[in-house]
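Below is one structure, written out as structure tokens; the observations come after it.
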């Protein structure tokens, strides 16, 4: 859940002094008022030189956002060296967005997307304070398909921010996220306008955050928790009524959410941090597809050789199931040099994000042993496990008669999924997978009866396992 504080003043009826218009029901904002302040027309003019003259704030000292500018949050955030962010939509007047369930939203001319970046700075006295350091505008150029990005650096007193025409790096003393009682020096990068296109590519419609999968979730509108799509639909932000049931709409999850399946967390993280480049029609150096909704066996990463660089290892693959230390996809996120991914505007390794990727690769299964056979198996069959009962590990044998995606999944006795052991395309053959009695988060599960289910095409078979401790 994302949160925005109404103490920032959003949607107060300042002109008629009628007080706030926050919803008390199922929507976060009851009434939409026109945005008449943050208006940028790049066809006939330039971006404002300062935030104080931009119209973003009605009171910059108190950080009161101007009326008509709408806050939003994303389900899965891009890693920005530990910075916290707030986000806003500034559409001219009461103009509307053409909604798309699965594709890009079409924004009206001169739309402005705002993102504020905050760092936990450590002062000379050792105390920490959260302070705004950067504001970015992504502005639609008239009624064209082009968007342009602009970065504003806030001064040390956080009283105003200046437009930057070239990239620059500023050194800040910040709280060390891995050791909260310690500080570290952060070389924070402010991008140049031309750098924005590195992530905001035409392949993803240039807009990354405001899309259905990212806004399909709750947001805290100053204590009123409401679904974002419900709220935006209620405000008439879209050119059509999108209804109220979003259960079958695409939705990313927060990779920080320990309650979510590790595969969902990892795939959401890849979508937010990597898929804007790594998708069909994206980078020509690689042919991988890291979009959230791409089936695993169609991503081009599982047991696939790296077409660019394997970072000097032996027998490495982009993703080697069960072996994160031999998976280039993870290793690149742990680099800080030229081989680092993502390559732009980051100089610190994401400790949580990389751990999620590591655990996901582990969850894809320990290395699967293939038993060669002189004859092709006549049927796809789950052959059982040995030992059974077991502690702490058991081997599960199965055969496949045809090539196809094989799903091998562990469930508890109540039908709740515990661990995905395999979700890969297999040729015909005999296989052995191993389960170490851990769930997708890497936690040891309790003693008891579990069920392993094999599924390939129209074949589904199950077998009971007993874990004794």
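Residue numbers (my numbering): 1451 to 1919. Positions of the beta carbon are idealized from the N, C-alpha and C atoms, including for glycine.
Here DSSP, grouped into helix, strand and coil, assigns residue 1804 to helix. Under the DSSP definition of a beta bridge, residue 1862 partners with 1900.
Contact annotation, residue 1617 with residue 1624: C-beta distance approximately 20 Å; criterion of less than 8 Å not satisfied. For residue 1540, the enclosing beta strand (DSSP E) has its first and last residue at 1534-1540.
Under the three-state reduction of DSSP output, residue 1778 falls in the helix class.
The beta-carbon distance between residue 1886 and residue 1842, rounded to whole angstroms, is 6 Å. This is short enough to meet the 8 Å contact definition. Shortest Cα-Cα distance from residue 1639 to any of 1521, 1768, 1619, 1894 involves 1619. Counting along the chain, the unbroken alpha helix (DSSP H) around residue 1713 starts and ends at 1712-1723. A buried status is given to residue 1521, since no fewer than 16 other beta-carbon atoms sit within 10 Å of its beta-carbon. The three-state reading of DSSP puts residue 1809 in helix, counting H, G and I together. Residue 1881 is classed as buried because its beta carbon has at least 16 other beta carbons within 10 Å across all chains shown. Linking residue 1719 to residue 1558 through their CA atoms gives a straight-line distance of about 29 Å. For residue 1849, the enclosing beta strand (DSSP E) begins and ends at 1844-1850.
If you draw a straight line from the Cα of residue 1611 to the Cα of residue 1766, it comes to about 46 Å. When rounded, the separation of the alpha-carbon atoms in residue 1901 and residue 1847 is 14 Å. For residue 1546, the secondary structure class from DSSP, reduced to helix, strand or coil, is coil. Secondary structure note for residue 1665: its alpha helix (DSSP H) is the uninterrupted segment 1662-1665. Residue environment for residue 1628: exposed (fewer than 16 other C-beta atoms within 10 angstroms of its C-beta).
Taken atom to atom, the span from the alpha-carbon of residue 1560 to that of residue 1777 is near 43 Å. If the five residues before and after residue 1801 are omitted, its C-beta is found closer than 6 Å to the C-beta atoms of 1628, all from its own chain and listed in chain order. DSSP places residue 1577 in the coil class of the three-state scheme, outside both helix and strand. Less than 8 Å separates the beta-carbon of residue 1769 from that of residue 1779. Under the DSSP assignment, residue 1679 falls in the alpha helix (DSSP H) whose first and last residues are 1678-1684.
Counting only residues of its own chain and dropping the five nearest sequence neighbours on each side, residue 1565 has a CB closer than 6 Å to the CB of 1535, 1537, 1586. Inter-residue distance for residue 1707 and residue 1783 is about 20 Å (C-alpha atoms, whole angstroms). The residue from 1750, 1835, 1831 with its alpha-carbon nearest to that of residue 1910 is 1831.
In the structure shown, residue 1704 adopts coil according to DSSP, grouped into three states. In the three-state reduction of the DSSP assignment, residue 1668 falls in the strand class, which pools E and B. DSSP places residue 1631 in the strand class (E or B) of the three-state scheme.
For residue 1570, the uninterrupted beta strand (DSSP E) run begins and ends at 1562-1572, by DSSP. Ranked by Cα distance from residue 1775, the options 1804, 1510, 1505 are led by 1804. Taking C-beta atoms as the reference points, residue 1497 and residue 1507 fail to come closer than 8 Å. The C-beta distance from residue 1599 to residue 1588 rounds to 5 Å, short enough to fall under 8 Å. According to DSSP, residue 1589 shares a beta bridge with 1562, 1598. With respect to the 8 Å criterion, residue 1661 and residue 1555 are classified as neighbours on the basis of their beta carbons. Rounded to the nearest whole angstrom, the C-alpha separation of residue 1568 and residue 1605 is 13 Å.
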